[in-house]
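Protein chains: 10
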Amino acid sequence: MLKTSCINPEIMSTLACCGHGDKILIADGNYPIESNTNTNTKKAYINLSHGIPTVTQVLNVLSNTITIEKAEVMATDDGQEPLIFQEFKKILGTEATLYDLNRFKFYEECKKENVKLAIATGEQRVYANILLTVGVVN
Amino acid sequence: MLKTSCINPEIMSTLACCGHGDKILIADGNYPIESNTNTNTKKAYINLSHGIPTVTQVLNVLSNTITIEKAEVMATDDGQEPLIFQEFKKILGTEATLYDLNRFKFYEECKKENVKLAIATGEQRVYANILLTVGVVN
Amino acid sequence: MLKTSCINPEIMSTLACCGHGDKILIADGNYPIESNTNTNTKKAYINLSHGIPTVTQVLNVLSNTITIEKAEVMATDDGQEPLIFQEFKKILGTEATLYDLNRFKFYEECKKENVKLAIATGEQRVYANILLTVGVVN
Amino acid sequence: MLKTSCINPEIMSTLACCGHGDKILIADGNYPIESNTNTNTKKAYINLSHGIPTVTQVLNVLSNTITIEKAEVMATDDGQEPLIFQEFKKILGTEATLYDLNRFKFYEECKKENVKLAIATGEQRVYANILLTVGVVN
Amino acid sequence: MLKTSCINPEIMSTLACCGHGDKILIADGNYPIESNTNTNTKKAYINLSHGIPTVTQVLNVLSNTITIEKAEVMATDDGQEPLIFQEFKKILGTEATLYDLNRFKFYEECKKENVKLAIATGEQRVYANILLTVGVVN
Amino acid sequence: MLKTSCINPEIMSTLACCGHGDKILIADGNYPIESNTNTNTKKAYINLSHGIPTVTQVLNVLSNTITIEKAEVMATDDGQEPLIFQEFKKILGTEATLYDLNRFKFYEECKKENVKLAIATGEQRVYANILLTVGVVN
Amino acid sequence: MLKTSCINPEIMSTLACCGHGDKILIADGNYPIESNTNTNTKKAYINLSHGIPTVTQVLNVLSNTITIEKAEVMATDDGQEPLIFQEFKKILGTEATLYDLNRFKFYEECKKENVKLAIATGEQRVYANILLTVGVVN
Amino acid sequence: MLKTSCINPEIMSTLACCGHGDKILIADGNYPIESNTNTNTKKAYINLSHGIPTVTQVLNVLSNTITIEKAEVMATDDGQEPLIFQEFKKILGTEATLYDLNRFKFYEECKKENVKLAIATGEQRVYANILLTVGVVN
Amino acid sequence: MLKTSCINPEIMSTLACCGHGDKILIADGNYPIESNTNTNTKKAYINLSHGIPTVTQVLNVLSNTITIEKAEVMATDDGQEPLIFQEFKKILGTEATLYDLNRFKFYEECKKENVKLAIATGEQRVYANILLTVGVVN
Amino acid sequence: MLKTSCINPEIMSTLACCGHGDKILIADGNYPIESNTNTNTKKAYINLSHGIPTVTQVLNVLSNTITIEKAEVMATDDGQEPLIFQEFKKILGTEATLYDLNRFKFYEECKKENVKLAIATGEQRVYANILLTVGVVN
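Chains as they are written, first to last, in the working numbering: chain A, 2 to 139; chain B, 2 to 139; chain C, 2 to 139; chain D, 2 to 139; chain E, 2 to 139; chain F, 2 to 139; chain G, 2 to 139; chain H, 2 to 139; chain I, 2 to 139; chain J, 2 to 139.
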């Protein structure tokens with residue numbers, strides 16, 4: 002077992018291939034991960050069951066592994082902020098601002114070729130997908 | 002997302018290839034999964050971080066998906082039963098008895114060619130590996 | 002053998018990769034499955050012989066495995082509803098409405114990139130192809 | 002759709018690679034097909050659900066496609082002939098005699114390198130596995 | 002050896018993947034089969050030597066295996082019908098009409114994505130290529 | 002189309018990889034080519050239908066392409082020489098002597114690792130398999 | 002070793018897949034063979050060292066193996082004919098005329114999809130690339 | 002170990018496939034190497050840790066292995082020349098001039114199909130990426 | 002670029018697949034890495050040139066990434082301890098003891114199936130190979 | 002084109018994977034390279050035609066690329082030294098002694114797992130095979 006925070010072989014190798022400006026999607030259980038990411042995006046299926054693991058568990062681990070420069074989420078139709086966004090902000094800290102995109106803009110971003118990794122979770126909460134932008138390590 | 006208890010594509014397809022008498026290993030975070038299972042055993046890395054997911058989370062899901070006829074665990078050197086065995090028994094119910102093997106006998110069983118799947122977890126407890134035998138569905 | 006309704010390894014793993022809005026085609030025996038689906042659509046050849054299995058057998062199993070949000074079929078030229086549509090409606094229940102598309106619109110839908118799985122059957126009845134849309138599991 | 006009795010691409014191509022003395026296993030739903038056939042045996046998963054298709058459906062199709070010289074089945078422990086053996090005999094006709102082997106001899110035969118194809122079914126009856134030997138076409 | 006007319010594994014498996022409207026090219030020895038068919042067309046090289054086998058030998062076998070709905074050939078520049086067209090018509094019988102296309106239209110048809118199989122022969126006669134359209138089996 | 006006698010891409014490339022002492026099997030339609038040659042032997046399926054092509058057609062082409070130092074055939078049980086052996090001798094000329102081996106010795110030779118190529122034909126005559134030994138080109 | 006003029010397995014198998022109108026590039030040592038041919042062009046690296054082998058050695062061998070209908074070379078900027086063109090003409094004989102294209106037209110031709118094979122040599126002379134068009138064998 | 006300056010197998014084989022005008026990128030640790038080079042560019046990950054190896058170490062080795070005709074770097078926004086450019090010039094000597102491109106022009110050049118190799122380093126200095134053009138060896 | 006000490010994708014993914022008791026070889030530039038490790042050992046060629054990188058650079062990075070339980074080195078014939086062993090001890094600290102094996106015992110250990118990773122360096126010092134045993138992370 | 006003596010991509014990458022004690026076979030045109038080397042030996046087919054290239058051309062290039070510690074050749078039956086051995090000695094210089102093995106011992110050595118590369122030539126002289134042992138680079 003690695004001493005680092007993330008211990009998954011596939012996630013570690015794909016993150017190691019990312020550079021400044023590349024993006025990582027952490028997807029909830031109902032996200033159409035094969036259709037709504039790029040064909041070349043690496044898919045990591047670490048989902049086990051409904052609710053296992055959650056998107057916030059994954060975000061926590063990634064924030065220890067790479068520099069996160071920016072994070073994008075799906076805006077709700079009624080403009081209300083979902084509860085999970087507070088958790089996102091707490092984990093990201095001051096390092097990265099959270100931008101909300103409307104649903105179709107979010108999908109469009111997820112299908113671009115700089116999305117290098119999509120991690121499938123069992124997350125059951127709604128509006129729980131988050132798209133991270135890799136920053137610089139000095 | 003599948004309506005079934007297990008939602009992982011790789012685990013579902015490998016379990017679907019198993020028959021009566023085949024075996025499944027749920028491994029803790031320090032288990033040498035590539036060395037101490039058969040070369041042809043399918044490895045599913047759903048491990049994320051230290052403690053995520055646990056072996057008992059996986060066992061719970063598998064017990065909803067296949068019939069478990071028998072379960073084998075590693076005996077401690079001092080003959081004391083680890084706490085996690087109680088959890089194992091509770092999940093398995095009356096369906097399957099728990100057999101404890103000494104360490105080397107356990108490894109030997111895990112390397113046999115009828116071990117079809119090994120699932121890597123982030124489990125941090127000791128003596129937490131469990132080897133399941135698939136039963137019959139009538 | 003899995004305890005779940007569907008026991009086919011390839012179908013289970015592909016369904017597990019689907020999310021909200023992805024589509025599944027159950028094709029009759031004469032459907033040109035390689036030409037009239039997307040290049041990246043996974044093809045599952047479970048067809049054995051003329052009439053084995055039928056499209057309705059497959060639909061029945063899938064309706065136990067995923068949430069079906071919508072179903073599309075080919076409209077006949079004379080506007081008469083084929084007998085098999087009654088069977089489709091009975092299996093789908095109130096969960097999903099059946100939409101009929103003209104032949105070329107149906108082909109067009111089947112070739113889109115969100116069609117993730119095409120299952121080849123031995124179905125001999127006419128107008129027997131059905132295109133399912135995956136719904137959400139809460 | 003082929004005009005021939007068998008319409009499955011994988012089964013047809015593997016049968017076409019077989020010659021005199023090669024063997025084909027039609028396996029029931031609980032048979033450990035990956036463990037108890039040869040590593041190089043081609044596996045065809047045409048199983049859909051519990052009971053679909055049956056072993057006898059497959060046998061019927063194969064008997065139209067290849068010459069069957071011999072057929073082997075598992076003997077019961079009590080020496081009673083299972084009902085399904087009558088169906089086997091009816092389909093095979095006078096072309097091939099049915100030999101019964103004890104369980105471990107049957108497994109042993111199934112693991113030999115001349116077993117070229119193993120077909121996974123959803124058959125739920127017991128003692129339903131059958132191992133065919135390909136004959137000569139003049 | 003299969004009891005069916007066609008005994009080639011690759012040709013049988015590709016034909017089994019074809020449906021209504023898919024096309025099959027039987028090419029003479031000088032046809033640029035890699036350049037003038039679709040990239041995804043399966044190529045079956047059963048050619049041995051100059052004149053072995055002929056296109057008509059292959060056509061005879063295919064007509065026993067699939068329903069042929071239509072056949073297309075290359076028209077000569079001078080409008081004279083090559084002798085081999087008579088052989089084609091005899092084999093096809095009343096099942097399928099022979100359409101002649103000019104050379105470039107023929108190439109264009111051969112490069113479409115519904116051409117699933119191209120069979121390389123050693124045919125030495127000129128104007129000997131034939132493009133078959135798969136029909137329906139009821 | 003090549004100007005050389007043999008025009009098949011797979012056969013030409015495999016023959017080009019052979020050296021002094023390597024062997025080539027030309028198999029009749031009922032020979033179990035996958036079971037009774039070496040696992041690493043390249044298989045070339047140029048068989049089309051019953052009787053197409055014959056073993057002698059292939060032998061004729063190979064004798065123009067490589068030097069044949071020796072040829073082995075299966076002896077009949079009654080010691081009678083099959084008619085096809087006369088054809089073999091005529092094609093081989095004085096270049097190579099024909100040795101007959103009993104059936105099991107023949108199989109044994111065919112399974113050795115120096116058998117580099119096995120060509121599947123549709124030959125229907127009996128005792129028609131022939132195993133060639135590649136000679137030296139000066 | 003083959004008795005034919007060309008003994009290279011990869012070159013022989015690719016030439017055997019060519020038909021009328023396909024093209025073959027013989028490239029000198031500095032030609033950017035991966036960039037300036039088609040992505041699907043087969044590359045044969047038979048280059049050993051500076052000057053080994055030469056383009057003319059390869060041309061000589063190919064002219065014994067296929068019919069060459071046409072040959073294209075790069076014209077010099079000053080209109081002077083390079084010495085190597087005389088060697089090309091001598092090898093090609095009356096069978097094929099030599100056409101000279103300007104540099105960019107030559108590259109454009111080399112990148113077309115009918116260029117099936119590019120052979121890398123160690124040729125050190127300038128203007129030494131030659132693009133052959135395969136003719137018909139009757 | 003090779004006697005040549007560069008001893009890496011992957012780098013050596015890719016450089017050997019390059020010709021006149023092909024390009025090689027040596028990337029610093031934060032460069033998005035998968036996104037901002039061509040899909041077909043070969044990636045060589047010889048990076049070990051922060052600062053190991055440096056871009057200048059790699060440049061030094063490459064300048065001993067291929068002829069470098071031209072080198073391109075990213076210009077700073079303020080027009081100031083980064084210190085590392087002096088090192089680049091010293092290694093390249095008089096053989097190749099250094100051209101600076103603005104950031105987006107540099108990315109554009111790196112994504113062209115003639116970029117055959119991208120080498121990932123652990124370089125931590127900024128403006129440290131360099132794109133080399135392969136020259137001619139006489 | 003990862004924030005972790007090791008940034009190489011291949012090394013990170015292979016280390017993540019290791020468990021308690023698995024072994025990692027860091028090899029010097031002359032070590033026959035393909036012959037004297039296990040066939041299934043993953044090879045990571047991060048070697049660039051003579052002396053780049055060194056074995057100690059790699060050891061330093063690995064000691065930050067995994068728990069090292071034991072380390073084995075080659076003993077000299079004359080029993081003198083090479084200078085590099087002092088560096089090894091300094092990096093390993095009190096975590097792991099250094100065992101020296103004679104040359105053939107060392108090779109034998111390196112060829113065992115629990116050696117999961119071999120890293121090729123450009124190290125030029127003698128007796129510089131080191132074989133690490135992965136420990137437990139609690 | 003590389004500035005190094007050897008310019009072949011496959012040979013360079015395989016040599017770069019070799020270490021002290023690994024072996025390289027340069028084979029004449031009639032050597033059975035697939036049968037009489039190890040299954041895992043990399044085969045490089047740079048042979049073009051009878052006599053092109055020669056074994057001595059290849060030896061010359063390799064002696065510039067790696068350190069040759071030892072060379073083995075086949076002894077003649079009559080004890081007479083073939084002329085080509087003088088050429089071998091001249092190229093190898095004082096660096097490596099030539100050992101002659103009897104034919105079967107030579108084959109045996111060539112089939113060992115430390116033979117990493119076998120290069121196919123068109124050499125027509127007899128007793129022309131040579132097996133090199135890689136030495137150390139300091």
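Virtual Cβ for every residue (Gly too), placed ideally from N, Cα, C. All values derive from a computational prediction rather than experimental measurement.
Per DSSP, residue 108(B) is not a residue of any beta strand (DSSP E); the alpha helix (DSSP H) it occupies stretches across 104 to 111. When Cβ-Cβ separations below 9 angstroms define contact, residue 4(C) makes no contact with chain A. Where residue 60(J) is concerned, the enclosing alpha helix (DSSP H) starts and stops at 56 to 64. Beta-bridge partners assigned by DSSP to residue 19(D): none are found. Between residue 94(J) and chain H, the shortest Cβ-Cβ separation is not below 9 angstroms. Per DSSP, reduced to three states, the secondary structure at residue 50(D) is strand. In chain order, 2, 3, 4, 8 make up the part of chain J whose C-beta sits under 9 angstroms from the C-beta of residue 138(H).
A distance of 9 angstroms or more separates the beta carbons of residue 92(E) and residue 12(E). Counting only Cβ-Cβ distances below 7 angstroms, residue 16(I) has contacts in chain A at 3, in chain order.
45, 46, 47, 48, 49, 50, 51, 53, 54, 58, 59, 61, 62, 65: these are the residues of the region 45 to 72 of chain I whose beta carbon lies less than 9 angstroms from some beta carbon of chain H, given in chain order. Per the C-alpha coordinates, the member of 83(G), 4(G), 68(G) positioned closest to residue 74(G) is 83(G). The beta carbon of residue 13(I) sits closer than 9 angstroms to some beta carbon of chain A.
Assigned with DSSP and collapsed to three states, residue 34(D) falls in coil, not helix or strand.
Beta-bridge analysis with DSSP links residue 45(F) to 120(F).
Taking C-beta atoms under 8 angstroms as the contact rule, residue 8(F) and residue 51(E) qualify, at a distance of about 7 angstroms. When rounded, the separation of the alpha-carbon atoms in residue 32(F) and residue 76(F) is 15 angstroms.
Residue range 85 to 93 is occupied by the alpha helix (DSSP H) that includes residue 85(I). In this structure, residue 3(C) and residue 27(C) do not form a Cβ contact; the two beta carbons are roughly 20 angstroms apart against a cut-off of 8 angstroms.
In the structure shown, residue 11(E) adopts helical secondary structure according to DSSP, grouped into three states.
Taking C-beta atoms as the reference points, residue 42(B) and residue 90(B) fail to come closer than 9 angstroms.
Considering only 16(F), 48(F), 40(F), the residue with the shortest C-alpha distance to residue 133(F) is 16(F). The Cβ atoms of residue 135(A) and residue 70(A) sit closer than 9 angstroms to each other. At a cut-off of 9 angstroms between C-beta atoms, residue 19(A) counts as an interface residue with respect to chain H. Around the CB of residue 96(H), fewer than 16 other CB atoms lie within 10 Å, so the residue is classed as exposed.
The three-state secondary structure of residue 137(F), taken from DSSP, is coil.
Cβ contact annotation for residue 126(J) (same chain, cutoff 6 angstroms, sequence separation greater than five): 85, in chain order. Assignment of residue 127(E) by DSSP, reduced to helix, strand and coil, places it in the coil class.
For residue 79(D), same chain residues with a beta-carbon under 7 angstroms away, outside a window of 5 residues either side, do not exist.
Rounded to whole angstroms, residue 98(F) and residue 36(J) show a C-alpha spacing of 23 angstroms. Contacts with chain B (Cβ-Cβ distance below 8 angstroms) from the region 94 to 120 of chain I involve 114, 115, 117, listed in chain order. Pairing residue 81(F) with residue 128(F), the inter-Cα distance amounts to about 11 angstroms.
The Cβ-Cβ distance between residue 5(J) and residue 5(H) falls below 9 angstroms. A direct Cα-Cα distance of roughly 13 angstroms separates residue 46(E) from residue 20(G).
According to the DSSP assignment, residue 71(A) belongs to the beta strand (DSSP E) that extends over 69 to 75.
Annotation: residue 79(J) has no Cβ neighbours in chain I at a cutoff of 9 angstroms; minimum Cβ distance is about 35 angstroms. Cβ contact annotation for residue 72(F) (same chain, cutoff 8 angstroms, sequence separation greater than five): 89, 93, 97, 98, 99, 100, 131, 132, 133, 134, in chain order.
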